[in-house]
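One structure below.
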Amino acid sequence: MRRMGFNEVWIDIIFRHVSSNWYSCGCRKSLELLMEALTTYEKVLGQLVNKKKSCVVFAPNSSLDSIQRIKEITGMEHKEFPIKYLGCPLYVGWYAQFLSTGGRAILIRHVLLALPVHLLAAIYPHKGVLYQIERMLARFFWGNSEGKKRLHWASGDKLCMPYSEGGANFRKLQDICNAFTTKQWWNLRTSDSLWNNFLMIKYFQRSHPLIKQWYSGNSHSWNAVCKIKREVDTHILWKIGKGDIAFWFDNWTNLGPLCKFLP
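With the UniProt record's numbering, letter number 112 in the sequence shown gets 112, and the count goes up by one each step, no holes.
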């Protein structure tokens, strides 16, 4: 919603509404509201939740009555750690100490770095958030010995390099965000959708998207788009023929927009 330019008040209202459904106390009414929210999600977006592949995990001191009640209402299976996600086992607490360095690398590469992808496609977090996530991943990768942190023998940038360059082939979260922002700019320039029309009216109704700047009060996501749009737009080649090209600002000569050659 922030990416689409919604006011922070509206975002807070929706967030509180969603939070009140998901973070339930485990009572029957709360669980029924949770399943009702999932049903509404399936009807609106057409994406079905596979309950056979879903599971619920409980605290060790949970009562059998609570476990049975939640299983009946959700229709999901009860499992205990370690559970598998995308074919890889997920551990909790001290179980992670039994993983080798290679096992930790596989878990980070194929599971932990895949978890925030859908979230990063919807929002553009601040650099501090990405730093904290990568910091936790680094701590998990290098592990600890007898309650003490181990020395990090390589930087995060080094670990994100490919195998051929001596890295662990991890993906940088900043690169993932930039990729999604690039895709957003591409869709904005080439598609004709409701989201595209909304941004056109909100930000550049009377100007070309390439010259529109970010101003205080605009969304954080639009600021991220403004930082990469000129670099991305140089790789978009427009073909003459449909009458939808801006003569001065679109790259139709394969040399870049003509406006940059004139004072």
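Glycine included, every Cβ here is placed at the ideal spot set by N, Cα and C.
Buried versus exposed, by CB contacts within 10 Å (16 or more), residue i
i	result
residue 20	For residue 20, the predicted structure reports a pLDDT of 42, less than 50, and the residue's modelled location is therefore unreliable. A value from the coordinates is still provided. Per the 10 Å Cβ criterion, exposed.
residue 27	exposed
residue 301	One cannot answer for residue 301 here, as it falls past the ends of the chain, which runs 1 to 263.
residue 65	exposed
residue 155	exposed
residue 168	buried
residue 44	exposed
residue 248	exposed
residue 224	buried
residue 203	buried
residue 251	buried
residue 60	exposed
residue 192	exposed
residue 23	Since pLDDT at residue 23 reaches only 42, below the 50 mark, its modelled position is unreliable, and the value read off the structure follows with that caveat. That one is exposed.
residue 63	exposed
residue 244	exposed
residue 101	exposed
Extent of the continuous alpha helix (DSSP H) run through residue i
i	result
residue 207	Careful: residue 207 lies outside any alpha helix (DSSP H) and carries neither H nor E.
residue 71	64-74
residue 180	173-190
residue 228	220-233
residue 200	194-203
residue 156	156-159
Helix, strand or coil at residue i according to DSSP, with G and I counted as helix
i	result
residue 110	helix
residue 129	helix
residue 266	Outside the modelled stretch of the chain, which goes from 1 to 263, sits residue 266, for which no answer is possible.
residue 247	coil
residue 34	helix
residue 21	Note that residue 21 has pLDDT 41, beneath the 50 cutoff, so the model's placement of it is unreliable and no number is given.
residue 117	helix
residue 49	coil
residue 77	strand
residue 44	helix
residue 239	coil
8 Å contact criterion, which residue i and residue j should meet: CB distance rounded
i	j	result
residue 111	residue 176	Actually they are not in contact, since the Cβ atoms of residue 111 and residue 176 sit about 15 Å apart, beyond 8 Å.
residue 141	residue 105	7 Å
residue 240	residue 185	Contact doesn't hold; Cβ gap of about 22 Å is too wide.
residue 310	residue 199	Residue coverage of the chain in this structure runs from 1 to 263, which leaves residue 310 outside it and unanswerable.
residue 107	residue 99	7 Å
Segment contact flag, the region 45-54 with the region 68-84, C-beta cutoff 8 Å, min 3 pairs: Judged by Cβ distances under 8 Å, the region 45-54 makes contact with the region 68-84, as three or more pairs qualify.
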